[in-house]
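Following the numbering used here, the numbering of the sequence shown begins with 4 at its first residue and continues without gaps.
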Amino acid sequence: MLGELSDRDRAILTLEAAWPRHSGMKEETIRTQLGMSPARYYQLLARLIETEEALAFDPLLVRRLRRLRDARGRQRSARLRGFVG
4 MLGELSDRDR AILTLEAAWP RHSGMKEETI RTQLGMSPAR YYQLLARLIE TEEALAFDPL
64 LVRRLRRLRD ARGRQRSARL RGFVG
């Protein structure tokens with residue numbers, strides 16, 4: 004059985020769905036609405052998108068964020084292979 008998302012987790016996912024791009028204004032909104040630093044927000048978001056609860060809450064958002072994360076990881080690996088290889 005799935006656990007429930009906390010209010011903070013739902014607020015993070017809701018903000019990310021409404022404002023998917025990084026910007027100075029988004030960072031200020033994170034500080035004022037959620038009371039945390041942008042760095043902490045992105046740490047929590049990264050952990051959150053790994054959960055089944057987040058996937059159940061907003062499957063389109065979570066799948067999109069996972070795809071973006073995976074693509075960045077592949078790009079990073081390709082760059083590293085270019086330096087090592």
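All C-beta atoms in this analysis are idealised placements derived from N, C-alpha and C, irrespective of residue type, glycine included.
Quick caveat: nothing in here was measured; it's all calculated off a predicted structure.
Among the options, which has the Cα closest to the Cα of residue i?
i     : options                    : result
Glu7  : Thr54, Trp22, Ala81        : Thr54
Arg11 : Met28, Leu63, Arg50        : Arg50
Arg9  : Leu47, Glu31, Arg72, Arg84 : The identity of residue 9 in the sequence shown is Ser, whereas the question assumes Arg. It is Leu47 whose Cα lies nearest to the Cα of Ser9.
Glu19 : Ala42, Gly38, Val65        : Val65
Arg67 : Lys29, Ile52, Glu30, Phe86 : Ile52
Give the straight-line distance between the Cα atoms of residue i and residue j, rounded to the nearest whole angstrom.
i     : j     : result
Tyr45 : Ala74 : 17 angstroms
Arg82 : Gln36 : 37 angstroms
Arg34 : Arg70 : 26 angstroms
Trp22 : Gly76 : 22 angstroms
Is there a C-beta anywhere in chain B that falls below 8 angstroms from the one on residue i?
i     : result
Arg67 : This model lacks chain B altogether; it includes just one protein chain.
Would the beta-carbon of residue i be found less than 7 angstroms away from any heavy atom of the ligand ATP?
i     : result
Asp73 : With respect to the ligand ATP, the structure offers nothing, as it holds no ligand at all.
Give, in chain order, every unbroken run of the alpha helix (DSSP H) that is at least 4 residues long and sits entirely within the region 26-86.
27-32, 41-51, 55-60
Just checking, does the region 53-67 make contact with the region 11-18 on the three C-beta pairs under 8 angstroms criterion?
yes
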